[in-house]
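Remarks on the structure that follows.
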Amino acid sequence: MDVTDYKGETVFHYAVQGDNSQVLQLLGRNAVAGLNQVNNQGLTPLHLACQLGKQEMVRVLLLCNARCNIMGPNGYPIHSAMKFSQKGCAEMIISMDSSQIHSKDPRYGASPLHWAKNAE
């Protein structure tokens with residue numbers, strides 16, 4: 001399941017885009033590297049779910065042990081959620097890992113609150 005396509009996407013990226021949490025749960029049972037694989041845009045499946053506002057997918061990914069500490073083009077997944085005004089996704093991350101509220105984007109030094117202020 002860690003095979004990628006020409007866009008660098010794994011089955012987990014496609015499951016997030018397909019918006020079927022049951023498929024994602026099945027895939028995540030024996031999670032492998034593909035769960036945290038970045039695609040050619042630098043997005044993990046968790047970043048993608050946050051960017052697209054797919055709160056249930058965020059929940060399932062976190063239950064499958066998706067990592068919140070992988071940098072993407074907009075920082076960590078919580079920063080992506082805030083940048084794209086996906087409050088529910090940010091709340092889901094914080095409810096499962098409260099330390100994320102204090103996570104600083106290493107590139108810009110910004111907290112989730114900073115990203116919320118500059119949301120799209």
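With full-length UniProt numbering applied, the sequence shown corresponds to residues 1 to 120, in that order.
All C-beta atoms in this analysis are idealised placements derived from N, C-alpha and C, irrespective of residue type, glycine included.
Treat the numbers as computed from the prediction; the structure is a model and nothing was measured.
Residue i - partner residues in DSSP beta bridges
i: Tyr28; result: Note that residue 28 corresponds to Gly in the displayed sequence, not to Tyr. Answer is none; Gly28 lacks a bridge partner.
Distance cut-off 7 Å: residue i Cβ against heavy atoms of the ligand ATP
i: Pro45; result: This structure lacks the ligand ATP, and indeed carries no ligand of any kind.
Nearest candidate by alpha-carbon position, reference residue i, set the options
i: His47; options: Ile70, Arg107 and Glu56; result: Ile70
i: Leu27; options: Gln55, His13, Val38 and Gly42; result: His13
i: Cys64; options: Lys54, Lys87, Leu24 and Gln17; result: Leu24
i: Gly34; options: Val16, Asn20, Pro106 and Gln51; result: Val16
i: Glu56; options: Thr10, Ser99, Gln86 and Ala110; result: Gln86
i: Val3; options: Gln37, Asn20 and Asn30; result: Gln37
i: Ser111; options: Met82, Tyr6 and Cys89; result: Met82
Residue i, enclosing alpha helix (DSSP H) - first and last residue
i: Val11; result: Val11 to Gly18
i: residue 172; result: It is not possible to answer for residue 172, since the shown part of the chain is limited to 1 through 120.
Inter-residue CB distance, residue i and residue j (contact presumed, cutoff 8 Å)
i: Asn39; j: Gly8; result: 4 Å
Neighbourhood of residue i by C-beta, 7 Å cutoff - its chain only, sequence neighbours within 5 removed
i: Val58; result: Leu46, Ala49, Cys50, Cys89, Met92 and Ile93
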